[in-house]
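Heads up: the sequence shown is residues 0 to 55, going by numbering that gives the first Met the number 0.
From the three backbone atoms N, C-alpha and C, an ideal C-beta is built for every residue, glycine too.
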Amino acid sequence: MKHDMMEILCCPVCKSDLELKATKEQDGDVIEGTLACGKCSHDYKIENSIPNLLPP
């Protein structure tokens, strides 16, 4: 996932901004990590550079 995507991503539940918590990066791309919503406390995993934004 590219860092630029943070400008357009939002929480699918409450539409708030998401916070990126990258655990593995390569060449400026996020390979693994979490997108966290501060408003509704849902977390969305990033695996193999793909964010899983399906609502819980």
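Through-space distance from residue j to residue i, alpha-carbon basis
i, j, result
"N51", "K20", "14 Å"
"V29", "I7", "16 Å"
For residue i, the three-state DSSP class (helix, strand or coil)
i, result
"D28", "strand"
"D42", "strand"
Proximity to residue i [Cα-Cα], best of the options
i, options, result
"T14", "I45, S40, I30 and E24", "First, the residue type needs correcting, since residue 14 is Lys and not Thr in the sequence shown. With distances taken between Cα atoms, K14 lies closest to S40."
"K44", "E31, G37, K38 and C36", "E31"
"E46", "C9, L8 and T22", "T22"
"E18", "M4, P55, E24 and C36", "C36"
"M4", "P54, P55 and I49", "I49"
Cut-off 8 Å between Cβ atoms - residues of its own chain near residue i, not counting five sequence neighbours on either side
i, result
"P55", "V12 and H41"
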